[in-house]
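Numbering (the numbering used here), first residue to last: 11 to 126.
Where is the CB? At the ideal position from N, CA and C, for every residue including glycine.
Here the structure is a predicted model, which means the values were calculated and not measured.
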């Protein structure tokens with residue numbers, strides 16, 4: 011299932027705010043994001059981003075045999091739809107936040123140690 015990221019949002023920020031972790035597969039040379047649904051590696055939501063489009067699917071388990079890229083993945087369905095809606099809510103929240111540069115107060119050495 012695919013979602014378009016608005017041009018004014020950073021894809022990495024959207025994914026991190028949506029509780030996804032970055033995953034670099036050195037063996038295949040791919041970069042993606044994952045969000046686990048339990049304590050193990052699977053099941054997990056798996057996201058690829060290309061040209062501002064989030065492609066999301068649900069990996070149920072690891073590839074069944076060596077050398078295979080095939081896995082038990084869901085690309086549609088109620089669980090995937092709910093996750094898409096959750097990510098869209100995160101994007102709406104990010105768009106509604108005013109972006110102001112952070113002003114840093116100079117506190118000096120002791121102010122940094124003991125508070126203002």
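C-alpha gap between residue 59 and residue 117, whole angstroms:
Distance between the alpha carbons of residue 59 and residue 117: 41 angstroms.
Per-residue burial, residue 36 [other beta carbons within 10 Å of its own, 16 or more giving buried]:
Burial state of residue 36 is exposed, judged by a 10 Å Cβ sphere holding fewer than 16 other Cβ atoms.
First through last residue of the alpha helix (DSSP H) which encompasses residue 88:
Note, residue 88: alpha helix (DSSP H), 88–106.
Could you tell me which uninterrupted alpha helix (DSSP H) segments, each at least 4 residues in length, are contained entirely in the segment 12–79, listed from first to last along the chain?
DSSP runs (the alpha helix (DSSP H)) wholly in the segment 12–79: 21–27.
Rounded to the nearest angstrom, how far is the Cβ of residue 95 from that of residue 15, given a contact under 8 angstroms?
Not confirmed; about 15 angstroms, so no contact.
Mark residue 38 as exposed unless 16 or more other C-beta atoms lie within 10 angstroms of its C-beta, in which case mark it buried.
By the neighbour-count criterion, in which a residue is buried when 16 or more other Cβ atoms sit within 10 angstroms of its Cβ, residue 38 is exposed.
Presumed contact (8 angstroms Cβ cut-off) between residue 90 and residue 99, rounded CB distance
No, residue 90 and residue 99 are not in contact; Cβ-Cβ is about 15 angstroms, not under 8 angstroms.
Residues in the same chain with beta-carbon distance under 6 angstroms from residue 21, minus the five sequence neighbours each way, listed in chain order, please.
Closer than 6 angstroms at Cβ, skipping near neighbours: 15 and 59.
Bridge partners for residue 83 per DSSP, in chain order?
Beta-bridge analysis with DSSP links residue 83 to 69.
So, for residue 43: in the same chain, excluding its five sequence neighbours on each side, which residues have a beta-carbon less than 7 angstroms away from its beta-carbon?
These residues qualify, in order along the chain: 25, 30, 31, 32, 33 and 57.
Residue 18: which of 52, 105, 12 and 120 sits nearest, CA to CA?
Nearest Cα to residue 18 within the set 52, 105, 12 and 120: 105.
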